[in-house]
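Reminder that position 81 of the sequence shown reads as 76 in the working numbering, one-by-one numbering, no gaps. Right, one structure below, let's go through it.
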Amino acid sequence: IKLPEKSSLILGPYSLHPKTLLFKNELDIEFNYQNNENGIGIYYYDDKNKEWIYLKTNYNDEKYSTSILSNEIFCVLKETNPPEIKYLIPDVDATYRSEDLNSLEFFIDDDLSGISGIENISVEIDESPILFEYNSYRKKIVYNFEDWLTIGEHSLSIQIKDNVGNVTTRQGKFIIK
């Protein structure tokens, strides 16, 4: 089985059998590993789609652990590839006419562990947190501006964290004419 790009194998892979067995209750699995580091998580291999899928991972007492509902192929991977911010409007170091800018919009993506939800996303305009909409299926963030963005310079700060702790930050200023 091929490992994902930009990742390294920490432990495994381990195959649990029989694969046709579904558990009545969740089963906890643990992997002994002394270092608690960002970027490390437990994954299972989806044989149908030929990809590694992140499982919610906890670290305690020098062990990485998760809960499973079936026998699969499992491993502990380290990935240090941060999430991406794409198609940001308004973008840093850009200038916009006030009548052309009705909302803040951008897409986020993470190629391995993913982004679990809104708690891993922070957006501030002029150093004030904003309450935005997050469409997890489309991986899109939207905030419709109210009439409070004035003509002039504004600051923007975005921070995205994936499920294993890798962080992307975009900060800067944009101008409204």
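C-beta: ideal position from N, C-alpha, C; glycine also. Bear in mind that the values here come from a model prediction, so they are computed numbers and not experimental data.
- Message: Tell me the DSSP secondary structure of Ser93 in three-state form.
- Response: DSSP, reduced to helix, strand and coil, places Ser93 within a helical segment of the structure shown.
- Message: DSSP three-state label for Glu122, please.
- Response: coil
- Task: Leaving out five residues on either side along the sequence, give the residues of the same chain with a beta carbon under 6 Å from the beta carbon of Glu67.
- Result: Tyr39
- Query: Can you find a heavy atom of the ligand NAP that lies under 7 Å from the Cβ of Asn76?
  - Reply: This structure does not include the ligand NAP; it has no bound ligands of any sort.
- Task: Could you tell me whether the Cβ atoms of Ile171 and Ile136 are closer together than 8 Å?
- Result: no
- Boundaries (first-last residue) of the beta strand (DSSP E) holding Arg165: Val162 to Ile171
- Message: Once the 5 residues before and after Glu21 are set aside, which same chain residues still bring their CB inside 8 Å of it?
- Response: Ser62, Ile63 and Leu64
- Message: Here's the rule I'm using: 16 or more other beta-carbon atoms within 10 Å means buried, otherwise exposed. How should Asp56 be labelled?
- Response: exposed
- If I'm right that Asp157 touches Gly109 with Cβ under 8 Å, what's the distance once you round it to whole angstroms? 7 Å
- Message: Quick test of your reading: Thr15 and Pro77, contact by CB under 8 Å. State the CB separation rounded to the nearest angstrom.
- Response: So it is not a contact: roughly 38 Å between Cβ atoms.
- Item | Minimum Cβ-Cβ distance from Lys1 to chain C less than 8 Å | Here there is only one protein chain, and chain C is not present.
- Task: Mind checking who Ser152 pairs with in its DSSP beta bridge?
- Result: Glu119 and Gln166
- Simplified DSSP state of Ile37, which is helix, strand or coil: strand
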